[in-house]
Amino acid sequence: MIVTLINQRLEEAEEGFMRVKLTLALVDRPGVLLNALEQIALNGGNIISIIHRRDRITSGYVPVSINVEFPDPASLERAKKGIESSGIPVIEAEALEKTITTMILVGKADVDTLLRKVSELGSKISALYLTGGAASPCLKLVVEAPHGKLKPLISSLEKLAEEWGSLLITEG
Amino acid sequence: MIRCIIVGYGFLGRKLAKEIAAHKIQDLKLVGIASSKGYLYKESGFKPEDLPEKIAEAQGFKEAPAFELISRELADLLIELTPTNIENGEPGLSHIRQALEEGMDVVTANKGPIALAYEELTSLARERDAMLLYEATVGGGIPIVSLQKRCLAADELLSIKGILNGTTNYILSRMHFEEMTFELALREAQMLGIAERDPTLDIEGIDTALKIVILANSLMNAGKKLNDVKIKGIRKITSEAIAAAKESGMTIKLIGIANEEELSVAPRLIKLGDPLCVHGTLNAINLNLRILGSLTIIGEGAGESTLSALINDVYEVVKARRISTSKNALNE
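Those sequence lines, one after another, are chains A and B.
Numbering follows the working numbering, with no gaps: position 4 of the first sequence is 4.
To convert, count from 1 in the second sequence and add 1000; that's the working numbering.
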């Protein structure tokens, strides 16, 4: 039973759970942290750890680092908005994990240029499959991108695909 | 008794006329039907047996533009069902504009006018205290506009994502399950009447783009035009691409997206277990709301199911007018 649960959890993580370190500036007053935690829970966040940096109190604010797992980037964004609208500044939201995503490029492609572009944008290709032969080429890529880097990567690759007269299909 | 006219007497027009003539909605009578050739008018209201297959061959046919019929003196409600014109929305746009100016209520399944002139038409309706309902323009029988406006209006809609075109979904589904080429799946869809003889609007993603504009404007107050949508169709999708997606537990679907950042229509990879991953001619629409989170609604996106959206919009108008008449009577 426990093994099954652990396996399920791992599968969920592989399917796109993202771990994030949220750094908040809390007023040093009881109950303030609770507002932030409520927003995280409301948006499906699973809290892994909380660290109060009392050694770094500045002008009455305590930096608090919370490691959280969110089901998707939209949940993180909603939680950030919720926290900020309850009057707590979010200093930083740093991805602790990378987003792994699949893309398919239909049509011609210059693989060297593609690999260079992915690397230039701080990401890497972890798998690449070519099918269809010269008549109908099709390239499947599994790309690892740090959180926040995926969108610029996709728009750069879309531009390349357009130049080649090909079509880039990304996960929706 | 509310008097309605139907302008646009095609598949949907004929079906709806039969429903109204058979008094499926109380306090409503059908007094006029019009096609591009002319119209028929009957003050006492049409009975099912009075309804012709072709207007031009019926007794009492008047060869004149539908505009003659769109008058508050003759009717209270216009049901506008002429074909979608993406260039300028005509003739539907002028029909709707005239009806609203006359203070008539309007129900339509015509995407053109709503996608191209949403702001103008809704403010005209407000000005004239008229109702303008257009549920049937998006997602066939899926009550997406009513659902959001009546049940979710106080929540914040963050994004809309969906399969909004049954024809392309049929083609992509056949490519996925039967390993057909795009050309073969398209030809099959045309033989079955699912795809038009000229399928450009569907397969180039323009039909989906019109619907995403309607949803963005109507549900998110986005104030967008068709030109604001980044559109990619499905013509370049190959059997190899579908097979590559399948190997990764995914498939390719034509997805319309509206969010704060963009309006787009493009083929996208969708996990086979995703609630949006529906097949055949089905449509699926996902709303992402701040409080509720994710909500997906699935249903037939075209054909007779659109009749359900139309008849419910017509019923809404009749119900609202019945209530306002009773209120007026009480006040008097």
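Note that CB positions come from ideal geometry on N, CA and C, so glycine has one too.
So what's residue i in DSSP terms, helix, strand or just coil?
{"i": "B/M1001", "result": "coil"}
{"i": "A/M103", "result": "strand"}
{"i": "B/P1275", "result": "coil"}
{"i": "B/A1209", "result": "helix"}
{"i": "A/E14", "result": "With a pLDDT of 41 at A/E14, under the threshold of 50, the modelled position of this residue cannot be trusted; read the value that follows with caution. Correct three-state label for A/E14: helix."}
{"i": "A/V143", "result": "strand"}
{"i": "B/G1166", "result": "helix"}
{"i": "B/V1145", "result": "helix"}
{"i": "B/M1250", "result": "strand"}
{"i": "A/P173", "result": "Nothing about residue 173 of chain A can be read from this structure; chain A reaches only from 1 to 172."}
{"i": "A/R19", "result": "strand"}
{"i": "A/L113", "result": "According to the sequence displayed, residue 113 of chain A carries Thr and not Leu. The answer is helix: DSSP assigns A/T113 an H, G or I state."}
{"i": "A/K151", "result": "helix"}
For residue i, decide whether its Cβ has a neighbour in chain B, counting only Cβ atoms nearer than 9 Å.
{"i": "A/R9", "result": "Low per-residue confidence applies at A/R9: pLDDT is 35, beneath 50, and the placement is therefore not dependable enough to give any value."}
{"i": "A/E14", "result": "Because the pLDDT at A/E14 is just 41, under 50, the model does not fix this residue reliably, and the point stays unresolved."}
{"i": "A/I6", "result": "With a pLDDT of only 31 at A/I6, under the threshold of 50, the placement of this residue in the model should not be trusted; the figure read from the coordinates follows. Chain B contact via Cβ: absent."}
{"i": "A/I88", "result": "no"}
{"i": "A/K140", "result": "yes"}
{"i": "A/M18", "result": "no"}
{"i": "A/A36", "result": "no"}
{"i": "A/L128", "result": "no"}
Can you tell which of the options has its C-alpha closest to the C-alpha of residue i?
{"i": "A/S85", "options": "A/L24, A/I100, A/S166, A/G165", "result": "A/L24"}
{"i": "B/E1179", "options": "B/E1068, B/T1251, B/E1080, B/T1084", "result": "B/T1251"}
{"i": "B/V1106", "options": "B/T1084, B/K1253, B/N1088, B/E1135", "result": "B/E1135"}
{"i": "A/P73", "options": "B/I1203, B/D1313, B/S1159", "result": "B/S1159"}
{"i": "B/N1336", "options": "B/Q1190, B/K1211, B/L1219, B/T1238", "result": "Nothing can be reported for residue 1336 of chain B: it is not among the residues displayed for chain B, which extend from 1001 to 1332."}
{"i": "B/I1333", "options": "B/L1254, B/G1140, B/M1001", "result": "For residue 1333 of chain B there is no data in the structure shown, the boundaries of chain B being 1001 and 1332."}
{"i": "B/T1306", "options": "B/I1142, B/G1112, B/I1025, B/R1128", "result": "B/I1142"}
{"i": "B/Y1170", "options": "B/P1199, B/A1153, B/L1186", "result": "B/L1186"}
{"i": "B/K1042", "options": "B/K1062, B/S1036, B/D1027", "result": "B/K1062"}
{"i": "A/P146", "options": "A/L130, A/S156, A/K124, A/W164", "result": "A/K124"}
{"i": "A/R53", "options": "A/I66, A/K81, A/S155", "result": "A/I66"}
Quick one: is the Cβ of residue i within less than 8 Å of any heavy atom of the ligand ZN?
{"i": "B/L1186", "result": "Among the components modelled here there is no ligand, and therefore nothing to report on the ligand ZN."}
Within 9 Å (strictly less), CB to CB, does residue i reach chain A?
{"i": "B/E1300", "result": "no"}
{"i": "B/R1072", "result": "no"}
{"i": "B/P1199", "result": "no"}
{"i": "B/R1126", "result": "no"}
{"i": "B/K1232", "result": "yes"}
{"i": "B/S1173", "result": "no"}
{"i": "B/I1333", "result": "Shown here, chain B extends from 1001 to 1332; a query on residue 1333 of chain B therefore has no answer."}
{"i": "B/K1211", "result": "no"}
{"i": "B/E1240", "result": "yes"}
{"i": "B/M1250", "result": "yes"}
Once you ignore the five residues that flank residue i on each side, which residues in its own chain have a CB closer than 6 Å to its CB?
{"i": "B/P1091", "result": "T1082"}
{"i": "B/E1156", "result": "R1290"}
{"i": "A/I6", "result": "Note that A/I6 has pLDDT 31, beneath the 50 cutoff, so the model's placement of it is unreliable and no number is given."}
Quick one: residues in its chain with C-beta nearer than 8 Å to the C-beta of residue i, no 5 flanking neighbours on either side, listed in chain order?
{"i": "A/L167", "result": "L105, V106, G107, A161"}
{"i": "B/A1017", "result": "I1006, Y1009, L1030, I1033, F1046, L1051"}
Leaving aside the five residues before and after residue i along the sequence, list all residues of the same chain whose C-beta is less than 7 Å from its C-beta, in chain order.
{"i": "A/L33", "result": "L26, V64"}
{"i": "B/K1232", "result": "G1205, V1265, A1266, P1267"}
3-residue-minimum beta strand (DSSP E) runs that sit fully inside the segment 21-61 of chain A, ordered along the chain: Counting whole runs of 3 or more residues, the segment 21-61 of chain A contains the beta strand (DSSP E) stretches 46-52.
Could you tell me which whole alpha helix (DSSP H) segments of length 4 or greater appear in the segment 1094-1120 of chain B? Qualifying alpha helix (DSSP H) stretches, in chain order: 1111-1116.
Along the chain, which unbroken stretches of the beta strand (DSSP E) at least 3 residues long are found entirely within the segment 1253-1312 of chain B? DSSP assignment within the segment 1253-1312 of chain B yields the following whole beta strand (DSSP E) runs of 3 residues or more, N-terminal first: 1263-1271, 1282-1289, 1293-1300.
I'd like the ranges of any beta strand (DSSP E) spanning at least 3 consecutive residues and lying wholly in the segment 1008-1094 of chain B. Runs of the beta strand (DSSP E) inside the segment 1008-1094 of chain B: 1028-1034, 1039-1041, 1077-1080.
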